[in-house]
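**Q**
There are 2 protein chains.
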Amino acid sequence: MKNQYAIGIDMGGTNTVFGIVDNDGHVLSKGSIKTGTHADINLYIDELYTELSKLIDTVGKENIKGIGVGAPNGNYYTGDILYAPNLPWKGEIHFAQLMTEKFGIPTALTNDANAAAVGEMTYGAARGMKDFIMITLGTGVGSGIVVNGKVVYGHDGFAGELGHVIAVREGGRTCGCGRKGCLEAYASATGVARSAQEIMTKTTKSSLLHNTPLDKITSKDVFDAAISGDEVAKEIFNYTGKILGECFADFVTFSAPEAIILFGGLSKAGDLILNPIVEHMEKNMLDIWKGKVKVLFSDLKEADAAVLGASALAWEM
Amino acid sequence: MKNQYAIGIDMGGTNTVFGIVDNDGHVLSKGSIKTGTHADINLYIDELYTELSKLIDTVGKENIKGIGVGAPNGNYYTGDILYAPNLPWKGEIHFAQLMTEKFGIPTALTNDANAAAVGEMTYGAARGMKDFIMITLGTGVGSGIVVNGKVVYGHDGFAGELGHVIAVREGGRTCGCGRKGCLEAYASATGVARSAQEIMTKTTKSSLLHNTPLDKITSKDVFDAAISGDEVAKEIFNYTGKILGECFADFVTFSAPEAIILFGGLSKAGDLILNPIVEHMEKNMLDIWKGKVKVLFSDLKEADAAVLGASALAWEM
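So the sequence lines, in the order shown, correspond to chains A and B. Sequential numbering of the first sequence, starting at 1, is according to my numbering. Sequential numbering of the second sequence, starting at 1, is according to my numbering.
1. T35/B by DSSP, collapsed to three states: which one?
2. Is it buried or exposed for P85/B, if we count other Cβ within 10 angstroms and need 16 for buried?
3. Across the stretch 113–121 of chain A and the stretch 278–285 of chain A, are there enough close Cβ pairs to call them in contact, namely three or more that are closer than 8 Å?
4. Assuming contact is defined by CB atoms lying nearer than 8 Å, are T35/B and T58/B in contact in what I supplied?
5. In three-state terms, what does DSSP make of D10/B?
6. Could you spell out where the beta strand (DSSP E) holding M318/B opens and where it closes?
7. Would you mind telling me which residues of chain B sit closer than 8 Å to L286/A, beta carbon to beta carbon, in chain order?
8. Whose CA, out of I64/B, D156/B, K30/B and A126/B, lies closest to the CA of G320/B?
9. Is the shortest distance between the beta-carbon of P257/A and the beta-carbons of chain B less than 8 Å?
10. Comparing alpha-carbon positions, which option in G245/B, W289/B, S298/B and K290/B lies nearest S267/B?
11. So that I know if they touch, is there some Cβ in chain B lying closer than 8 Å to that of D250/A?
12. Leaving out the 5 sequence neighbours to the left and right, which residues in its chain are closer than 7 Å to L272/B when beta-carbon positions are compared?
13. Straight-line CA distance for I335/A to G144/A?
14. Using only alpha-carbon positions, find the residue among A189/B, G241/B and G229/B that is nearest to I217/B.
15. On the criterion of 16 or more Cβ atoms from any shown chain inside 10 Å, does M11/A qualify as buried, or is it exposed?
16. Roughly how many angstroms separate the alpha carbons of E51/B and K61/B, rounded to a whole number?
17. Any idea what DSSP makes of E92/A, helix, strand or coil?
18. Using a Cβ-Cβ cut-off of less than 9 Å, give me the residues of the stretch 131–146 of chain A that come near chain B, in sequence order.
19. Rank D112/B, D46/B and H26/B by C-alpha distance to the C-alpha of T33/B and give the top, closest one.
20. Give me whichever residues DSSP pairs with K107/B in a beta bridge.
21. Would you mind stating whether I260/B and I135/B have Cβ atoms separated by less than 8 Å?
22. From K180/B, V222/B, T204/B and G124/B, pick the residue whose C-alpha is nearest to that of K301/B; which is it?
23. Taking the straight line between their C-alpha atoms, what separation do you get for C182/A and G181/B?
24. Interface residues of chain A around T78/B at Cβ under 9 Å?
25. For chain A, find out if any of its Cβ atoms is closer than 8 Å to the Cβ of R127/B; answer yes or no.
26. Could you check whether V147/B and V147/A sit closer than 8 Å to each other, using their CB atoms as the reference points?
27. Of all the alpha helix (DSSP H) runs that stay within the bounds of the stretch 256–314 of chain B, which reach a length of 4 or more residues?
28. Check the Cβ of N148/B against every Cβ in chain A and list those closer than 7 Å, keeping chain order.
29. In this structure, does DSSP put Y5/A in helix, strand or coil?
30. Can you tell me where the beta strand (DSSP E) with I20/B in it begins and where it stops?
31. Looking at the C-beta of R333/A, does it have a partner C-beta in chain B at a distance below 8 Å?
32. CB-CB under 7 Å to V27/A, same chain, minus the five flanking residues each way: which ones, in chain order?
33. My output table needs one value for T174/B: the three-state DSSP class, helix, strand or coil.
34. Mind pulling the chain A residues with CB within less than 9 Å of K292/B?
35. Answer with yes or no whether the minimum CB distance from F254/A to chain B is below 8 Å.
36. Given E231/B, which residues of its chain have a CB within under 8 Å of its CB, disregarding the five upstream and five downstream residues?
Structure below.
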């Protein structure tokens, strides 16, 4: 059999990263462009075409099975990107269709967290699993839910928005979506920074974080301080882990996954975030699940994971 | 083609109802025994065998495709009933295996709410739907989740315990499962009675419910009073509907269903419970789902629904 290749494109708010992947999951070549340069989607696709063509020429277009795209607010059923707040194009963008026309290669699209879940199942920590939940902890909190070996897309293609379950029902923080108390308002990078502000305002303990003005503390600062053993920074991670663990217990109630897999910035905190998550998940689960549901970190290289995940969509076409 | 039949068995804490169903979903004959009579599971199965054999003889055992059973804590993967608090047999009961051996007919088993979901999809309000959630509001609160036309069983066969998501995180009521704040502690028949007690203690309004001692008020009393226009009884339904609606909004976030279908005692309250559910579900959903997710009542005859649902399992074998 001839070698076949897939293209994976990970569209983020800042950068669009793309690569050519072989069927063993090796990223053969990669490139990137800025997502925000072109206010006109067609010009963005033109630039993507120019850059990607250089990579495609090295393997031959006839050997490319398809293009998979992970994009914020991407809809698998329609191939559209809908009202994505962090992208320059407003309204409904028929992205998969535009790509298929421009490249002459079939293109499938899903949201970035679903793409990560497919990548994890195909190449990563979820290999061999049929039921798991991928949680992406980054600028926002996303999720990809896999049931019986398939991503859950739901009736309309938008299933798996677990960053927007209500984690704190009374007096919850305002979320970017306009509602209050969403998990994302606590467990995203911004959420951790907000927790830092709240906890720093109340604490009487000494902390490395006192060196930074309250409104300038980032999740990275909390991470650095916690790694150095800072007690207040650890407390901030404990609080974040508690909220995540409580929500995870509810997620288990829904789909009884074998594992919940963490991906993205916050997961770099390792045991500092894992331990409180597991503690509070276990405390909040029904007895039938106690000790049975794994919480794991993605084992895909972060730089490749999103591209791999998106490319895995192409193999499914 | 010869007529084929399936047997449906609905095992409740009090009664076990069974029937023979044809492939058009007609219940041809029915019977029942008491669930709690025999402390020995084998004697229970003996009695079931004696009673069911009378029905089986009328259509011929060779024409029976299979037996489907809906049972509390029933596990689809193993065919076992595990530690069901409301059944007389403790520990792990290999029910499907015991039935197959006794009857010489292949037997499949799932929990009662999953059976109801299958019944609804095969014969009821969810015909033609591929993504919906069945919520059973009875002595407890159960759920059956259907994604892409299949019941979600999860890694271990126990998925879909939505009565045990945490509806009230701070200061929630103790639930029968031993944890605090579960949806079931608010939306079950007992939950409604508890809400009645709480609200009656605080209210200064006149109410028909004042005629009943506080600790004797049942969900049926609340229903009767609300139907007569009693304002306090309506307030109790509003409160129950608010809790349900808030949880439903989170469920939508997970699987983006076409509909959430209500079954069981509380659903008889009609608009009294439906209106607050829809109001609070809409208020709590992300914009992308507002106005798009139906909340429906089961349209199966309650007396037949559980038997139909269980029998539908047999067709899937």
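Glycine included, every Cβ here is placed at the ideal spot set by N, Cα and C.
**A** Considering the structure as presented:
1. In the second sequence, counting from the first residue as 1, residue 35/B sits at position 35. DSSP places T35/B in coil when its eight states are reduced to three.
2. Within the second sequence, residue 85/B is the residue found at index 85, counting from 1. So P85/B counts as exposed.
3. no
4. Numbered from 1 along the second sequence, position 35 holds the residue referred to as residue 35/B. Numbered from 1 along the second sequence, position 58 holds the residue referred to as residue 58/B. Taking 8 Å as the Cβ cut-off, T35/B and T58/B do not qualify as a contacting pair.
5. Locating residue 10/B in the second sequence gives position 10, counting from the first residue. Reduced to three states, the DSSP call for D10/B is strand.
6. No information on residue 318/B is available, as it lies outside the stretch 1 to 317 that chain B covers here.
7. Counted from its first residue, the first sequence places residue 286/A at position 286. Here the neighbours are E161, H164, C177 and R179.
8. Only positions 1 to 317 of chain B appear in this structure, which leaves residue 320/B out of reach.
9. As a working note, residue 257/A is residue 257 in the first sequence. Closer than 8 Å to some Cβ of chain B, the Cβ of P257/A qualifies, so yes.
10. One-based indexing of the second sequence puts residue 267/B at position 267. Closest by alpha carbon: S298/B.
11. Here residue 250/A is taken as the residue at index 250 of the first sequence, counted from 1. By this cut-off, D250/A is an interface position.
12. For this step, residue 272/B is matched to residue 272 along the second sequence. Excluding positions up to five away in sequence, the list reads A226, K234 and F237.
13. The first residue shown for chain A is 1 and the last is 317, placing residue 335/A beyond what the model contains.
14. To locate residue 217/B, count along the second sequence from 1; it is residue 217. The candidate whose alpha carbon is nearest that of I217/B is A189/B.
15. Indexing the first sequence from 1 puts residue 11/A at position 11. The residue in question, M11/A, is buried, as its Cβ has 16 or more Cβ neighbours within 10 Å.
16. For the purposes of this step, residue 51/B is taken as residue 51 along the second sequence, with counting starting at 1. For the purposes of this step, residue 61/B is taken as residue 61 along the second sequence, with counting starting at 1. Approximately 14 Å, taken between the alpha carbons.
17. Here residue 92/A corresponds to residue number 92 of the first sequence, with the count starting at 1. Three-state result, E92/A: strand.
18. D131, F132, S143 and I145
19. Counting from 1 along the second sequence, the entry for residue 33/B is found at position 33. Reading the sequence as shown, one finds Ile at residue 33/B and not Thr. Among D112/B, D46/B and H26/B, the Cα nearest to that of I33/B is on D46/B.
20. In the second sequence, residue 107/B corresponds to position 107, counting from 1. Residue identity differs from the one stated: residue 107/B is Thr in this sequence, not Lys. For T107/B, which the question treats as bridged, DSSP gives the partners I67/B.
21. On the second sequence, position 260 is the one that residue 260/B refers to. On the second sequence, position 135 is the one that residue 135/B refers to. Cβ atoms of I260/B and I135/B: closer than 8 Å.
22. For the purposes of this step, residue 301/B is identified with residue 301 of the second sequence, where counting begins at 1. Taking only the C-alpha atoms, the option nearest K301/B is G124/B.
23. Numbered from its first residue, the first sequence carries residue 182/A at position 182. Numbered from its first residue, the second sequence carries residue 181/B at position 181. Cα to Cα, the separation comes out at about 18 Å.
24. For the purposes of this step, residue 78/B is taken as the residue at position 78 of the second sequence. The contacting residues do not exist; T78/B stays about 13 Å from chain A at best.
25. What you label residue 127/B is simply residue 127 of the second sequence in a count that begins at 1. No - not a single Cβ of chain A is within 8 Å of the one on R127/B.
26. Taking the first residue of the first sequence as position 1, residue 147/A is located at position 147. Taking the first residue of the second sequence as position 1, residue 147/B is located at position 147. Cβ atoms of V147/A and V147/B: closer than 8 Å.
27. 271–284
28. The residue given as residue 148/B occupies position 148 in the second sequence. What N148/B touches in chain A: K150.
29. Residue numbering aside, residue 5/A sits at position 5 when the first sequence is read from its first letter. Strand at Y5/A.
30. For the purposes of this step, residue 20/B is identified with residue 20 of the second sequence, where counting begins at 1. Note, I20/B: beta strand (DSSP E), N15 to D22.
31. This structure does not reach residue 333/A, given that chain A is present from 1 up to 317, and the question cannot be answered.
32. Within the first sequence, numbered from 1, the residue matching residue 27/A stands at position 27. Closer than 7 Å at Cβ, skipping near neighbours: G19, V21, D304, V307 and L308.
33. To locate residue 174/B, count along the second sequence from 1; it is residue 174. Strand.
34. To locate residue 292/B, count along the second sequence from 1; it is residue 292. Chain A residues near K292/B: H155 and D156.
35. Numbered from its first residue, the first sequence carries residue 254/A at position 254. Yes, F254/A lies at the interface with chain B (some Cβ there is under 8 Å from its Cβ).
36. Position 231 of the second sequence, counting from 1, holds the residue named residue 231/B. Excluding positions up to five away in sequence, the list reads K205 and S207.
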